[in-house]
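For reference, the structure discussed in these notes is given below.
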Amino acid sequence: AQKITQTQPGMFVQEKEAVTLDCTYDTSDPSYGLFWYKQPSSGEMIFLIYQGSYDQQNATEGRYSLNFQKARKSANLVISASQLGDSAMYFCAMSSNSGGYQKVTFGIGTKLQVIP
Amino acid sequence: SQTIHQWPATLVQPVGSPLSLECTVEGTSNPNLYWYRQAAGRGLQLLFYSVGIGQISSEVPQNLSASRPQDRQFILSSKKLLLSDSGFYLCAWSVSYGNEQFFGPGTRLTVL
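Quick mapping for you: the protein sequence lines, in order, are chains A and B.
Under this note's numbering, the first residue of the first sequence carries the number 43, and numbering increases by one thereafter.
Under this note's numbering, the first residue of the second sequence carries the number 263, and numbering increases by one thereafter.
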């Protein structure tokens, strides 16, 4: 069974500073993907970044980077140069192919608040 | 480009009433489709997924059902709503054997 753990219910960061949101995972599948999604107060889930289990390099997308440590089963999200618009819930998720479809398991989320 | 639509955006229904939420995807063919529920302050729970027309798999037993009458249409239904059905319902799609899931704007359901 897959499991995602996000241990930080809430985080604060000063505007323009960097912040790391923690995520650990557990799976017995050799091939899997790790994702981060942002959910602003409007409710829509916005895809941010993806890391494949066999990718050698950490994924980056603009100000987002994923610190992937496979041996430790962690996939932390790093947001550089925080902006006020980054205030939102952030969800870590993991996917694997199960019976021909992408099964995705989500963590419970971390609420990030950016302080001016 | 691909877009995903959900309606209605908000819904208030009495206990015991029926439910029908609709999700449609544009700009892609044969997507994998998903229904999730998010209770207040919680993560997402996968309810149903579909890999093709008429093919529905359920992740959790409940009084909800799903149907996929067309390739890019996914419907979530209930014959009799319970108070515990309140929540935020999100539809998502992914490319078959793809990775990222892309979400619709969601439907906020309140059962009174």
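By construction, the Cβ of each residue, glycine as well, lies at the ideal position given by its N, Cα and C atoms.
Cβ-Cβ separation, residue j to residue i (assumed contact under 8 Å), whole Å
i                      : j                      : result
residue 344 of chain B : residue 287 of chain B : In fact, because the Cβ distance is near 28 Å, the residues do not count as touching under 8 Å.
residue 87 of chain A  : residue 310 of chain B : Going by Cβ atoms, the distance from residue 87 of chain A to residue 310 of chain B rounds to 17 Å, so no, they are not a contact pair.
residue 348 of chain B : residue 326 of chain B : So it is not a contact: roughly 12 Å between Cβ atoms.
CB contact check: residue i to chain B, cutoff 7 Å
i                      : result
residue 59 of chain A  : no
residue 104 of chain A : no
residue 110 of chain A : no
residue 89 of chain A  : yes
residue 148 of chain A : yes
residue 127 of chain A : no
Residue i at chain A interface by Cβ criterion, 7 Å
i                      : result
residue 306 of chain B : yes
residue 336 of chain B : no
residue 368 of chain B : yes
First and last residue of the uninterrupted beta strand (DSSP E) at residue i
i                      : result
residue 329 of chain B : 326-332
residue 294 of chain B : 294-300
residue 284 of chain B : 281-288
residue 340 of chain B : 335-340
residue 84 of chain A  : From DSSP, residue 84 of chain A is part of no beta strand (DSSP E); its letter is neither H nor E.
residue 356 of chain B : 349-356
Item checked: Every unbroken beta strand (DSSP E) inside the segment 106-140 of chain A [3 residues or more] -> 106-111, 116-121 and 130-140
Margin query: Pairs of beta-carbons, one from the segment 147-156 of chain A and one from the segment 121-139 of chain A, closer than 8 Å: are there three or more?
Written below: yes
Next item on the list: Inspect the CB distances between the segment 303-318 of chain B and the segment 98-105 of chain A and report whether three or more fall short of 8 Å.
Entry: no
Item checked: Cβ contact (3+ pairs, closer than 8 Å) linking the segment 288-303 of chain B and the segment 89-97 of chain A -> no
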